[in-house]
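Q: What follows is a single structure, and I will ask about it in a moment.
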Amino acid sequence: MEQQPFLDRMLGQLRCTCKYYTGYPKDLGPSRVIHFTSEREFVKLLHEGYPMVVAFSIRGNYTRHLDKVLEEAAAEFYPGVKFMRVSGFCSVYNMNADEHY
Numbered sequence: 000m001e002q003q004p005f006l007d008r009m010l011g012q013l014r015c016t017c018k019y020y021t022g023y024p025k026d027l028g029p030s031r032v033i034h035f036t037s038e039r040e041f042v043k044l045l046h047e048g049y050p051m052v053v054a055f056s057i058r059g060n061y062t063r064h065l066d067k068v069l070e071e072a073a074a075e076f077y078p079g080v081k082f083m084r085v086s087g088f089c090s091v092y093n094m095n096a097d098e099h100y
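So this is what it looks like as structure tokens:
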């Protein structure tokens, strides 16, 4: 019996044990990730009393994997945990901070 190359075995093991996104498309239904629109909405969500995961990031090629992981985790833990994405927060915050000085 021919033994599989190391890389094939490693990827196979990763696919079997990885809890979240492994490269295979899944039908998760509508997105459960809430996109940040205003502080008022954010405070309202906090006052609902649910645990919340907030991802501060920018959209880009390097964050595609994070996007898919967030989508899967949000679908799995819905409705007990809310997931929110705040896009571009760092650059907007830094621009506003520079204006105050």
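Numbering-wise, numbering that gives the first Met the number 0 puts 26 at position 27 of the sequence shown, and it's gapless, one number per residue. Glycine residues also receive a C-beta, built at the ideal position from the N, C-alpha and C atoms.
Near residue 74, what residues of its chain come up, given a Cβ to Cβ distance below 8 Å and the 5 sequence neighbours on each side ignored?
A: Position 75 of the sequence shown holds residue 74. Taken in chain order, the residues that qualify are 27, 28 and 31.
Q: Using the beta-carbon count (16 or more within 10 Å), is residue 82 buried or exposed?
A: Working through the sequence shown from its first residue, we reach residue 82 at position 83. For residue 82, the number of other beta carbons within 10 angstroms of its own is at least 16, and it is reported as buried.
Q: Is the beta carbon of residue 34 sitting closer than 7 Å to the one on residue 84?
A: On the sequence shown, residue 34 is found 35 positions in, with the first residue counted as 1. On the sequence shown, residue 84 is found 85 positions in, with the first residue counted as 1. Yes.
Q: Measuring only the C-alpha atoms, how far is residue 64 from residue 2?
A: In the sequence shown, counting from the first residue as 1, residue 64 sits at position 65. In the sequence shown, counting from the first residue as 1, residue 2 sits at position 3. Each residue's Cα considered, the two are about 31 Å apart.
Q: Taking the alpha carbon of residue 80 as the point to measure from, which residue in 37, 86 and 44 has its own alpha carbon closest?
A: As a working note, residue 80 is residue 81 in the sequence shown. Among 37, 86 and 44, the Cα nearest to that of residue 80 is on 44.
Q: Beta-carbon within less than 6 Å of residue 49's beta-carbon, same chain only, minus the 5 sequence neighbours each way: which residues are those?
A: Within the sequence shown, residue 49 is the residue found at index 50, counting from 1. The answer, listed in chain order, is 81.
Q: In whole angstroms, what separates the C-alpha of residue 76 from that of residue 87?
A: Mapped onto the sequence shown, residue 76 falls at position 77. Mapped onto the sequence shown, residue 87 falls at position 88. Distance between the alpha carbons of residue 76 and residue 87 is about 25 Å.
Q: When DSSP labels each residue in this structure, what does residue 8 get in the three-state scheme?
A: Within the sequence shown, the letter at position 9 stands for residue 8. Correct three-state label for residue 8: helix.
Q: Could you give the DSSP three-state label for residue 82: helix, strand or coil?
A: Mapped onto the sequence shown, residue 82 falls at position 83. It is a strand residue.
Q: To which residues of the same chain is residue 62 closer than 6 Å at the C-beta, ignoring the five residues directly before and after it?
A: Numbered from 1 along the sequence shown, position 63 holds the residue referred to as residue 62. If we look at residue 62 and ignore the five residues flanking it on each side, its Cβ neighbours are 56.
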